[in-house]
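Each residue of the sequence shown is one higher than the one before, starting from 21 at the first, in the working numbering. Glycine included, every Cβ here is placed at the ideal spot set by N, Cα and C. One structure below.
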Amino acid sequence: MQEKPSLDENNFVFFWQSDEENGIFGQWSNHPFTVNGVHFPTAEHYMMYHKALLFQDKHSAEQIASSNDPATVKALGRKVSSFDREKWEANRLRIVTEGNVGKFSQNQEAKVALMQTGDKLIVEASPEDRIWGIGFTREEALKNMDDWGLNLLGQALMETRKKLRQERIRSVLAQPKTDLKTRICFGCSTNQHEHHTNTIMSSDSIAAFRRTMASDLHKLAEDHLQHDLHQSDRDLLMSAGNSFFTFAAAGTFIGLSLGALSAYRLRAAREAMFKALRTAERPTHLVFADGRQEAVPDLTSHLKPSRLGGIATYVLLSTGGMFLGGETGALLGSLRANQQIKSNPASYARIQTAFRNLRVDMLKKEAEELEKGRGNLSL
21 MQEKPSLDEN
31 NFVFFWQSDE
41 ENGIFGQWSN
51 HPFTVNGVHF
61 PTAEHYMMYH
71 KALLFQDKHS
81 AEQIASSNDP
91 ATVKALGRKV
101 SSFDREKWEA
111 NRLRIVTEGN
121 VGKFSQNQEA
131 KVALMQTGDK
141 LIVEASPEDR
151 IWGIGFTREE
161 ALKNMDDWGL
171 NLLGQALMET
181 RKKLRQERIR
191 SVLAQPKTDL
201 KTRICFGCST
211 NQHEHHTNTI
221 MSSDSIAAFR
231 RTMASDLHKL
241 AEDHLQHDLH
251 QSDRDLLMSA
261 GNSFFTFAAA
271 GTFIGLSLGA
281 LSAYRLRAAR
291 EAMFKALRTA
301 ERPTHLVFAD
311 GRQEAVPDLT
321 SHLKPSRLGG
331 IATYVLLSTG
341 GMFLGGETGA
351 LLGSLRANQQ
361 IKSNPASYAR
371 IQTAFRNLRV
381 DMLKKEAEEL
391 EKGRGNLSL
């Protein structure tokens with residue numbers, strides 16, 4: 021029997037009937053899925069179908085596959101021919117876990133509900149079943165923990181949750197390393213999002229092209245964390261990412277334009293000053309008190325604006341304006357994106373939970389790799 025946590029109801033997720041609270045975790049919940057070309061209306065169908073196949077009862081398997089009623093399917097599963105209890109007990113948990121992996125991986129609503137249970141103990145609080153449940157109702161459960169049944173369905177659901185997390189980690193680790201270093205910082209400046217220590221200059225140095233909040237929010241919405249988010253949450257993240265990019269791009273190009281304009285005006289003022297000096301009357305000799313005279317050198321050629329100086333002026337001022345405007349736009353975009361995300365408290369809570377779960381999973385995976393001596397210490 022699995023280790024039981026402290027007597028705090030917040031450490032548990034109780035369920036039983038499919039039409040009650042958390043009924044989505046029940047075997048009879050209406051969340052169809054397909055495995056190896058076979059369609060299953062419920063997880064109960066998968067369980068009984070593979071129970072029949074385990075004992076090579078193809079007739080019962082065909083009857084189960086053709087029925088849409090989980091009660092009928094359950095009755096058919098109890099009549100499987102050549103049934104061997106020892107063999108069934110050795111395979112039942114694996115079969116039910118495989119069925120739930122199919123159910124939760126192919127139904128977004130169910131997947132979100134399962135992943136949001138975090139590390140809580142999932143319990144089938146069925147007073148009628150001490151094998152797949154605990155033999156007690158939710159109200160009785162915490163008072164009788166020492167007498168719980170096997171809770172095999174709860175174990176299967178927690179194993180399903182673990183497998184879905186591992187699949188999510190694999191998908192994250194398959195991304196380029198630069199993606200693994202990204203951070204989404206709710207309520208902090210963009211400078212805290214990403215640090216590139218191996219490159220002095222890259223496209224990430226320019227706010228409009230930087231893969232920080234905009235790409236992170238889009239990736240959070242579409243890739244690794246889609247297991248934990250509703251469609252409305254992903255739409256909100258996409259909108260926030262677009263806002264960040266818009267502000268960063270606008271700031272970059274406004275800064276670039278102002279820098280170029282400043283360079284043009286500075287260059288024009290230099291040209292005007294040179295022309296004024298060249299045409300103005302100026303002394304040619306200095307006369308000292310003793311009557312000695314010295315010629316005043318002509319500095320006109322040295323004061324003449326050069327093409328190289330003009331290029332340097334445009335490059336330096338335009339680049340400075342681009343960085344200053346870009347960082348300002350990125351800061352404003354970050355604030356706007358955070359404001360959008362926080363506008364819906366429920367979505368914000370789910371997004372925080374999803375990202376927190378992903379970071380926890382990634383850190384656990386990294387810790388496992390380091391313990392096995394396979395981690396990259398980047399020394």
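Spanning the alpha carbons of residue 151 and residue 115 requires a straight line of approximately 15 Å.
Membership of residue 315 in the beta strand (DSSP E) is indicated by the continuous run 313-315. Scanning its chain for C-beta atoms nearer than 7 Å, with the 5 sequence neighbours on each side dropped, one finds around residue 123 the residues 51, 53, 63, 130, in chain order. Assignment of residue 121 by DSSP, reduced to helix, strand and coil, places it in the helix class. By the Cβ test, the region 144-159 is in contact with the region 34-43, since at least three Cβ pairs between them sit closer than 8 Å. The region 293-353 is shown to contain whole alpha helix (DSSP H) runs of 4 or more residues at 320-323, in chain order.
With contacts defined as CB atoms closer than 8 Å, residue 180 and residue 249 fail to qualify as a contacting pair. Two segments are said to touch when three or more pairs of C-beta atoms, one from each, lie closer than 8 Å; by this definition the region 271-281 does not touch the region 299-315. Counting along the chain, residue 40 sits inside no alpha helix (DSSP H), nor does DSSP assign it H or E at all. Spatial neighbours of residue 109 in its own chain (CB-CB distance under 6 Å, excluding positions within 5 residues in sequence) are not present. Note on geometry: alpha-carbon atoms of residue 132 and residue 338 lie some 48 Å from one another. Counting only unbroken stretches of 3 or more residues, the beta strand (DSSP E) elements lying wholly within the region 113-177 are 141-144, in sequence order.
Note that the region 361-376 does not touch the region 281-295; fewer than 3 beta-carbon pairs, one per stretch, sit closer than 8 Å. In this structure residue 69 touches residue 85 by the C-beta definition: roughly 6 Å separates them, less than 8 Å. Distance between residue 46 and residue 111, taken at the CA atoms: about 20 Å. With fewer than three CB-CB distances shorter than 8 Å, the region 308-322 does not count as touching the region 358-368. Between residue 389 and residue 382, the alpha-carbon positions lie close to 11 Å from each other. Secondary structure note for residue 51: it is in no beta strand (DSSP E), with a DSSP letter that is neither H nor E.
The criterion of a C-beta distance shorter than 8 Å is not satisfied by residue 148 and residue 174.
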